[in-house]
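**Student:**
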Amino acid sequence: MIDYRLATPVDGPVLDSVARRIWLDTFGHSASADDIALYLAEAYGANGRLITNLANPAHRFQLALDAGQIAGFAQLSPVWLDDPAIVAGAMQLSQLYVDRPWHGTGVAQALMRWTMNTARGLGATALVLTVWEENHRAKAFYDRQGFIHIADYAFPTGNQVDRDLIMQVML
Numbered sequence: 002m003i004d005y006r007l008a009t010p011v012d013g014p015v016l017d018s019v020a021r022r023i024w025l026d027t028f029g030h031s032a033s034a035d036d037i038a039l040y041l042a043e044a045y046g047a048n049g050r051l052i053t054n055l056a057n058p059a060h061r062f063q064l065a066l067d068a069g070q071i072a073g074f075a076q077l078s079p080v081w082l083d084d085p086a087i088v089a090g091a092m093q094l095s096q097l098y099v100d101r102p103w104h105g106t107g108v109a110q111a112l113m114r115w116t117m118n119t120a121r122g123l124g125a126t127a128l129v130l131t132v133w134e135e136n137h138r139a140k141a142f143y144d145r146q147g148f149i150h151i152a153d154y155a156f157p158t159g160n161q162v163d164r165d166l167i168m169q170v171m172l
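In my numbering, the protein residues as written are 2 to 172.
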């Protein structure tokens, strides 16, 4: 049975470690070792973006826990993308990560429900996200949730720049 709860800064070190591992499992093949190292140094660790956002009340994190182990998480944020196609009043799903053993178990759907319901409760008009164009599993999931591709985003992985899709769903 999966339990869900909001994350707090106390969860930071474990959540950071799990998120880093999931990121490497999903994207570690997609860039050079040097570019991966540069990205990881910015995104994870004691001074990384995840820990910083976890301490910021403007960002909300929902954890999915299986017997106390993090199976996945979602991060809902103010919009940090800058694109005219994003509707006013939107919020952003900055991360939705599910660890491989829990793929296909409903964890992603539950985290997405929490994200959409929380964004609606905060008065958001839409939800936006970015997804790497080569992440076919995630793209298919977002398509099923009603998201549509509205623009592209140049995602830096170290010095490498990848094409991410900006997707949006009205709430």
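Using N, Cα and C, we set each Cβ at its ideal position, and we do this for glycine too.
In this text, all values refer to a predicted model and were calculated from it rather than measured experimentally.
(1) Residue range of the beta strand (DSSP E) that THR158 falls in?
(2) Is it buried or exposed, GLN70, if we count other Cβ atoms within 10 angstroms and call 16 or more buried?
(3) Under a three-way DSSP split, which group does THR131 fall into?
(4) With C-beta atoms as the reference, is ALA8 less than 9 Å away from LEU64?
(5) Tell me which same chain residues have a C-beta within less than 6 Å of the C-beta of ASP144, skipping the five on either side of it?
(6) Which whole-angstrom value describes the C-beta separation of LEU82 and VAL129, a residue pair presumed to lie in contact below a C-beta threshold of 8 Å?
(7) Secondary structure at ILE37, three-state DSSP: helix, strand or coil?
(8) Is the beta carbon of ASP84 closer than 9 Å to that of TYR5?
(9) Bridge partners for TYR5 per DSSP, in chain order?
(10) Looking at the secondary structure, which residues open and close the alpha helix (DSSP H) in which ASP26 lies?
(11) Which stretch, first to last residue, makes up the alpha helix (DSSP H) that contains ILE87?
(12) Can you tell me where the alpha helix (DSSP H) with GLN110 in it begins and where it stops?
(13) Pick helix, strand or coil for PRO79, following the three-state DSSP scheme.
(14) Use the C-beta contact count for VAL108: other C-beta atoms within 10 angstroms, 16 or more gives buried, fewer gives exposed.
(15) Of the residues ASP67, THR116, LEU77, GLU135, which one's Cα is nearest the Cα of TRP103?
(16) Between GLN161 and the rest of its own chain, which residues show a CB-CB distance below 6 Å, the 5 nearest in sequence each way excluded?
(17) Tell me the DSSP secondary structure of LEU97 in three-state form.
**Tutor:** Reading it off the structure:
(1) If you look at THR158, you'll find it in the beta strand (DSSP E) that goes 149-158.
(2) Exposed, by the Cβ-count rule.
(3) Three-state DSSP puts THR131 in a strand.
(4) Their beta carbons are under 9 Å apart, which means ALA8 touches LEU64 by this criterion.
(5) Leaving aside the five residues that flank ASP144 on each side, none in its chain has a CB nearer than 6 Å to its CB.
(6) Cβ-Cβ separation between LEU82 and VAL129: approximately 6 Å, consistent with a contact (criterion under 8 Å).
(7) Three-state result, ILE37: helix.
(8) For TYR5 and ASP84, no; Cβs fall outside 9 Å.
(9) Among the bridge pairs identified by DSSP, TYR5 is matched with ALA65.
(10) Bounds of the alpha helix (DSSP H) holding ASP26 are 13-28.
(11) Premise fails: ILE87 is in no alpha helix (DSSP H) and is neither H nor E.
(12) Per DSSP, GLN110 belongs to the alpha helix (DSSP H) from 108-122.
(13) Here PRO79 sits in strand by DSSP.
(14) Taking all protein chains in view, the Cβ of VAL108 is crowded by 16 or more other Cβ atoms within 10 Å, so the residue is classified as buried.
(15) Answer by Cα proximity: ASP67.
(16) Annotation for GLN161: ALA32, ASP36 place their beta carbon closer than 6 Å to its own, counting only its chain and skipping 5 residues before and after.
(17) Three-state DSSP puts LEU97 in a strand.
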